[in-house]
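Contents: one structure, followed by commentary.
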Amino acid sequence: FLGLSKSDIAKELKTSKSFITQLFSGDKLLNLKLIAKFSRILGLKMNPQFNETKSYTDIIYDGKNNINPIDILDGISENYETIDVPENFEFIDNPYKKVD
Numbered sequence: 080f081l082g083l084s085k086s087d088i089a090k091e092l093k094t095s096k097s098f099i100t101q102l103f104s105g106d107k108l109l110n111l112k113l114i115a116k117f118s119r120i121l122g123l124k125m126n127p128q129f130n131e132t133k134s135y136t137d138i139i140y141d142g143k144n145n146i147n148p149i150d151i152l153d154g155i156s157e158n159y160e161t162i163d164v165p166e167n168f169e170f171i172d173n174p175y176k177k178v179d
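Residue numbers (this note's numbering): 80 to 179.
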């Protein structure tokens, strides 16, 4: 993918090669956090635009919803171009989590 091996991508995303293989085969789904990380390692800028193609509930309940990560990533350079994700940016898994 764009000259990067699955091992290279896994290393950059700080995940396993197995997860990347599952992602590219459609067994795992992309989320905004992963899209932002992909855009950062590929040197792309993001400007997310959401169009209703499926309801959010359909995506939650449909583990195989035919979202192909390659199709999404191929469209990033065409559709996302205004937000820089700083390298030191920390993603929060649950912003509503109770802090002790």
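Glycine included, every Cβ here is placed at the ideal spot set by N, Cα and C.
This structure is a prediction, so every number in the text was calculated from the model and none was measured.
Residue i versus residue j - alpha carbon distance
i: R119; j: S104; result: 22 angstroms
i: T94; j: L83; result: 15 angstroms
i: N158; j: L121; result: With a pLDDT of only 48 at N158, under 50, the local geometry of the prediction cannot be trusted, and the value read off the model is given with reservation. Computed Cα separation, rounded: 14 angstroms.
i: L109; j: N126; result: 16 angstroms
i: Q101; j: K124; result: 25 angstroms
Residue burial classification, residue i (beta-carbon count within 10 angstroms, cutoff 16)
i: K116; result: buried
i: L111; result: exposed
i: G154; result: Bear in mind that the predicted position of G154 carries a pLDDT of just 49, short of 50, making it too unreliable to give a figure here.
i: P148; result: Since pLDDT at P148 reaches only 48, below the 50 mark, its modelled position is unreliable, and the value read off the structure follows with that caveat. The residue is buried, with at least 16 neighbouring Cβ atoms inside 10 Å.
Supposed close pair residue i, residue j - CB separation, criterion 8 angstroms
i: K96; j: K85; result: 5 angstroms
C-beta atoms of residue i and residue j nearer than 8 angstroms
i: I99; j: I114; result: no
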